[in-house]
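Visitor: Submitted below is the structure of interest, expressed as structure tokens.
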Amino acid sequence: MTAIIAVLVEHRGADIAQPAFEALTLARTMGTPIAVWMGEQPSADAVAALGEYGAQEVRVLAIGDRARHPKTAGTALAAATGDAALVLMVSTFVNKEIATHLALATGAGVVVDAAGAEMVDGRIEAQQTVFAATWNVRTRINADRAIVALRPNTTKATPAATAGAAETVGVLAALPEMRETLVSVTPVTREEGVPLSEAAVVVSGGRGTSGDYTLVRELADVLGAAVGASRDATDEGWISHEHMVGQTGVTVTPALYVACGISGAVHHRGGMQASGTIVAVNIDPDAPIFEIADFGVVGDLNDVLPQAIAALKAARA
Amino acid sequence: MRIVVPVKFVPDLQSTRSFTEGTVTRTADDGTLNELDENAVEAALLIRESLPEGECEVFALTVGGADAVAAVRKALQLGVDHGVHVSDTAIAGSDVFGTATVLAAAVREIEKGGVLGEGGAVDLVITGMASLDGLTSMLPTALAAALGVAQLTLASRLEVTDGAATIVRHLPDAHETVTAALPALVSVTDEANKARYPNFKLIMAARSKPVTTWSLSDIGVDPVTVGAMAARTTVIDASPRPPRENRVVVTDKGEGGKELAAFLIERALA
Numbered sequence: 028m029t030a031i032i033a034v035l036v037e038h039r040g041a042d043i044a045q046p047a048f049e050a051l052t053l054a055r056t057m058g059t060p061i062a063v064w065m066g067e068q069p070s071a072d073a074v075a076a077l078g079e080y081g082a083q084e085v086r087v088l089a090i091g092d093r094a095r096h097p098k099t100a101g102t103a104l105a106a107a108t109g110d111a112a113l114v115l116m117v118s119t120f121v122n123k124e125i126a127t128h129l130a131l132a133t134g135a136g137v138v139v140d141a142a143g144a145e146m147v148d149g150r151i152e153a154q155q156t157v158f159a160a161t162w163n164v165r166t167r168i169n170a171d172r173a174i175v176a177l178r179p180n181t182t183k184a185t186p187a188a189t190a191g192a193a194e195t196v197g198v199l200a201a202l203p204e205m206r207e208t209l210v211s212v213t214p215v216t217r218e219e220g221v222p223l224s225e226a227a228v229v230v231s232g233g234r235g236t237s238g239d240y241t242l243v244r245e246l247a248d249v250l251g252a253a254v255g256a257s258r259d260a261t262d263e264g265w266i267s268h269e270h271m272v273g274q275t276g277v278t279v280t281p282a283l284y285v286a287c288g289i290s291g292a293v294h295h296r297g298g299m300q301a302s303g304t305i306v307a308v309n310i311d312p313d314a315p316i317f318e319i320a321d322f323g324v325v326g327d328l329n330d331v332l333p334q335a336i337a338a339l340k341a342a343r344a
Numbered sequence: 144m145r146i147v148v149p150v151k152f153v154p155d156l157q158s159t160r161s162f163t164e165g166t167v168t169r170t171a172d173d174g175t176l177n178e179l180d181e182n183a184v185e186a187a188l189l190i191r192e193s194l195p196e197g198e199c200e201v202f203a204l205t206v207g208g209a210d211a212v213a214a215v216r217k218a219l220q221l222g223v224d225h226g227v228h229v230s231d232t233a234i235a236g237s238d239v240f241g242t243a244t245v246l247a248a249a250v251r252e253i254e255k256g257g258v259l260g261e262g263g264a265v266d267l268v269i270t271g272m273a274s275l276d277g278l279t280s281m282l283p284t285a286l287a288a289a290l291g292v293a294q295l296t297l298a299s300r301l302e303v304t305d306g307a308a309t310i311v312r313h314l315p316d317a318h319e320t321v322t323a324a325l326p327a328l329v330s331v332t333d334e335a336n337k338a339r340y341p342n343f344k345l346i347m348a349a350r351s352k353p354v355t356t357w358s359l360s361d362i363g364v365d366p367v368t369v370g371a372m373a374a375r376t377t378v379i380d381a382s383p384r385p386p387r388e389n390r391v392v393v394t395d396k397g398e399g400g401k402e403l404a405a406f407l408i409e410r411a412l413a
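Sequences listed follow chains A and B, in order.
Per my numbering, the very first residue in the first sequence carries number 28; after that it's consecutive.
Per my numbering, the very first residue in the second sequence carries number 144; after that it's consecutive.
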């Protein structure tokens with residue numbers, strides 16, 4: 028019998044986020060994948076999609092909005108994953124809180140912001156890149172149970188050769204007393220397209236845009252990219268905080284990262300340095316972003332970007 | 144009101160950071176107060192300043208080797224009233240749960256009067272959102288659980304009134320408003336406030352403020368429950384990543400955009 032690897036499914040309403048499929052793909056390399064769905068009931072389509080990526084069961088914790096309470100979510104997840112050697116989830120600020128409560132409930136060891144995980148001699152080992160992606164670290168989980176929170180885009184999601192049974196199983200969990208009261212929840216209107224944290228291509232603008240994101244957005248459209256920003260730009264109010272790439276904002280690991288008018292301060296690099304290919308446009312030849320760029324153009328983005336956009340469009344025509 | 148701000152000594156972001164035998168290298172030369180903890184100190188000072196003089200005391204608390212006291216010193220320079228440093232060789236290699244155990248025991252010792260000689264409940268523990276070395280963001284949650292108090296984490300806004308704390312959390316899908324009766328643990332983001340700079344007067348005043356130093360036995364923590372042996376995770380390998388190779392930087396002489404497009408097409412990225 029192989030180990031049971033549970034995956035906490037990241038979803039927004041009925042829509043499953045791509046990193047959930049990445050986690051299921053990774054889970055298949057280590058054992059029998061089980062999906063755990065928390066919140067409202069999943070749709071039949073969602074269950075089928077999880078099956079395509081190998082989920083043998085879809086365990087449903089129908090706890091609605093109480094999933095927003097970190098301790099409640101961690102406790103519920105513990106009830107649904109008692110037989111799992113490893114619980115995988117996506118590395119988000121909220122999931123790190125849930126992982127902590129799950130670990131407190133089960134005694135599991137935790138690695139967050141992981142780039143991958145494998146089973147070695149019956150123990151889980153996870154890889155991370157740290158210090159603004161300048162170091163690789165491998166961590167062994169000593170406890171019998173493991174929790175690994177994965178960064179998006181670190182495993183390529185592929186459907187299973189044979190679909191999993193995706194048998195839906197309701198799980199009842201005894202939920203804890205809450206010391207905190209959720210007074211209000213105001214949904215954030217999401218921009219169309221792939222969320223920044225999951226995007227395969229990101230085009231970001233910083234101080235050099237002077238607040239005009241027209242060219243950044245145009246290049247993002249041509250490349251099918253999500254739009255990011257530096258701390259400078261969000262502090263100026265040029266673009267909303269949700270776009271901030273950096274250590275305290277969104278950490279991205281796309282295949283391609285294009286930094287436009289971003290100097291590359293260490294806070295920013297910490298959020299994007301693990302990207303596949305880094306391209307930078309900046310008017311300052313001494314900008315630190317050029318130290319990590321695979322391809323850099325020293326120049327005014329108001330000259331460089333329109334020409335690049337036109338050339339990319341022409342190449343497609 | 145008593146507020147405790149746990150602070151961490153971390154390598155300066157601008158320094159060359161590294162690992163030594165599976166843990167982050169920390170030296171007095173390159174170390175500093177974790178920048179995100181400055182927002183926690185600021186939040187505590189703002190609460191103190193909103194109350195009548197003498198009604199609120201702020202403690203900075205750190206766990207770590209001899210050098211770690213520098214983080215407490217910096218907090219004192221910002222205006223914190225009292226400094227506490229828990230230092231014990233048995234703490235080395237602790238994971239987040241071990242660190243939370245030590246911090247919680249130190250908070251309890253402060254409540255018993257370990258610093259002031261006078262007991263009193265700690266109403267608020269305020270932390271930063273993450274430390275800029277490990278960045279796991281797990282400590283606030285683990286510490287709230289270890290203390291058995293309400294968890295109000297990732298606060299972009301914090302308001303403390305009538306024995307309750309209310310925060311706003313900016314999450315990717317929603318903005319939440321969460322409230323809890325004190326005592327509570329609050330973690331603040333770098334959006335919550337703008338940390339002040341120490342001024343000359345505060346720096347001079349900080350020099351004469353004593354820092355209370357405790358060992359594990361002083362705060363009643365069994366050494367086997369913390370440290371590397373109790374850690375649920377162990378770093379088994381750490382190595383610098385090779386620098387990116389074949390990097391190209393061109394200067395735009397009228398063709399920069401075309402060159403950029405050509406690079407993306409050649410690499411099959413567009």
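A virtual CB, placed ideally from N, CA and C, is assigned to each residue, including glycine.
1) Can you tell me whether Glu204 (chain A) is buried or exposed? The criterion is at least 16 other CB atoms within 10 Å of its CB, across all chains shown.
2) Which of the three DSSP states, helix, strand or coil, is assigned to Gln220 (chain B)?
3) Give me the chain A residues within the contact set of Phe152 (chain B), using Cβ-Cβ distance strictly less than 7 angstroms, ordered along the chain.
4) Does any residue of chain A bring its CB to less than 8 angstroms from the CB of Pro315 (chain B)?
5) On the DSSP bridge assignment, give the partners of Glu319 (chain B) in chain order.
6) Could you check whether the Cβ of Arg251 (chain B) sits closer than 8 angstroms to any Cβ belonging to chain A?
7) If you follow the beta strand (DSSP E) that Ser330 (chain B) is part of, which residue opens it and which one closes it?
8) In this structure, what does DSSP give as the bridge partners for Glu84 (chain A)?
9) Using a C-beta cutoff of 8 angstroms, does Asn329 (chain A) count as contacting chain B?
10) Just to make sure I have the definition right: I need the residues of chain B whose C-beta is within less than 9 angstroms of the C-beta of His12 (chain A). Which are they?
11) Of the residues that make up the stretch 370-387 of chain B, which ones have a beta carbon closer than 9 angstroms to any beta carbon in chain A?
12) Cβ closer than 8 angstroms: which chain A residues qualify as neighbours of Ala323 (chain B)?
13) Between the Cα of Leu328 (chain B) and those of B:Arg191, B:Val354, B:Ala288, spot the shortest distance and give me the residue it belongs to.
14) Going by beta carbon distance, what residues of the same chain come within less than 6 angstroms of Leu407 (chain B), once the five residues before and after it are set aside?
15) As an exercise, report each continuous alpha helix (DSSP H) stretch of at least 4 residues that is fully enclosed by the stretch 183-229 of chain B, in chain order.
16) In this structure, does DSSP put Arg339 (chain B) in helix, strand or coil?
17) Once the 5 residues before and after Leu250 (chain A) are set aside, which same chain residues still bring their CB inside 6 angstroms of it?
18) With distances taken from CA atoms, which of B:Phe343, B:Val245, B:Gly257 is nearest Ser230 (chain B)?
19) Can you give me the start and stop residues for the beta strand (DSSP E) that Arg300 (chain B) sits inside?
20) Would you identify the three-state DSSP class for Glu124 (chain A), choosing helix, strand or coil?
21) Closer than 7 angstroms by C-beta to Val36 (chain A): which residues in its own chain qualify, once you throw out the five before and the five after it? Chain order, please.
22) Where DSSP assigns a beta bridge to Tyr284 (chain A), which residues make up the other side?
23) Shortest alpha-carbon distance to Ile90 (chain A) belongs to which of A:Ala201, A:Ala41, A:Ser237?
24) Just the Cα atoms here: how many angstroms apart are Thr52 (chain A) and Arg160 (chain B)?
25) Please name the residue or residues paired with Pro149 (chain B) in a DSSP beta bridge.
26) When DSSP labels each residue in this structure, what does Arg267 (chain A) get in the three-state scheme?
27) Taking Cβ-Cβ distances below 9 angstroms as the criterion, which residues of the stretch 182-194 of chain A are in contact with chain B?
28) With DSSP collapsed to three states, give me the class of Pro179 (chain A).
29) Taking only beta-carbon positions, decide if Leu275 (chain B) is within less than 8 angstroms of chain A.
Guide: Reading from the atomic positions:
1) Around the CB of Glu204 (chain A), fewer than 16 other CB atoms lie within 10 Å, so the residue is classed as exposed.
2) The answer is helix: DSSP assigns Gln220 (chain B) an H, G or I state.
3) By Cβ distance, chain A contributes nothing, its closest Cβ being about 16 angstroms from Phe152 (chain B), past 7 angstroms.
4) True, the Cβ-Cβ gap to chain A drops below 8 angstroms.
5) Bridge partners of Glu319 (chain B): A:Val212, B:Arg312.
6) Answer no: the Cβ-Cβ gap between Arg251 (chain B) and chain A never drops below 8 angstroms.
7) From DSSP, the beta strand (DSSP E) with Ser330 (chain B) extends over 327-331.
8) A:Ile61, A:Glu194.
9) At a cut-off of 8 angstroms, the C-beta of Asn329 (chain A) has no neighbouring C-beta in chain B.
10) Shown here, chain A extends from 28 to 344; a query on residue 12 (chain A) therefore has no answer.
11) Listed by position, the residues of the stretch 370-387 of chain B near chain A (Cβ gap below 9 angstroms) are Ala374, Arg375, Thr376, Thr377, Val378, Ile379, Asp380, Ala381, Ser382, Pro383, Arg384, Pro386, Arg387.
12) Under the 8 angstroms cutoff, chain A gives Arg206, Glu207, Thr208.
13) Relative to the Cα of Leu328 (chain B), the nearest Cα in the group B:Arg191, B:Val354, B:Ala288 belongs to B:Ala288.
14) Result list for Leu407 (chain B): Ala413, in chain order.
15) Complete alpha helix (DSSP H) runs here, min 4: 212-221.
16) Arg339 (chain B) falls in the coil class under three-state DSSP.
17) Result list for Leu250 (chain A): Val228, in chain order.
18) For Ser230 (chain B), the nearest C-alpha among the options comes from B:Val245.
19) From DSSP, the beta strand (DSSP E) with Arg300 (chain B) extends over 293-304.
20) Helix, per DSSP.
21) Counting only Cβ-Cβ distances below 7 angstroms, and skipping sequence neighbours, we find Ile43, Ala47, Ala62, Val63, Trp64, Leu77.
22) The bridge partners DSSP lists for Tyr284 (chain A) are A:Val229, A:Ile305.
23) Cα-wise, what sits closest to Ile90 (chain A) is A:Ala201.
24) For Thr52 (chain A) and Arg160 (chain B), the gap between their C-alpha atoms comes out near 33 angstroms.
25) According to DSSP, Pro149 (chain B) bridges with B:Leu204.
26) Checking the sequence, you will find Ser at residue 267 (chain A) rather than Arg. Correct three-state label for Ser267 (chain A): coil.
27) Hits within the stretch: zero.
28) DSSP places Pro179 (chain A) in the coil class of the three-state scheme, outside both helix and strand.
29) Cβ-Cβ to chain A under 8 angstroms: yes for Leu275 (chain B).
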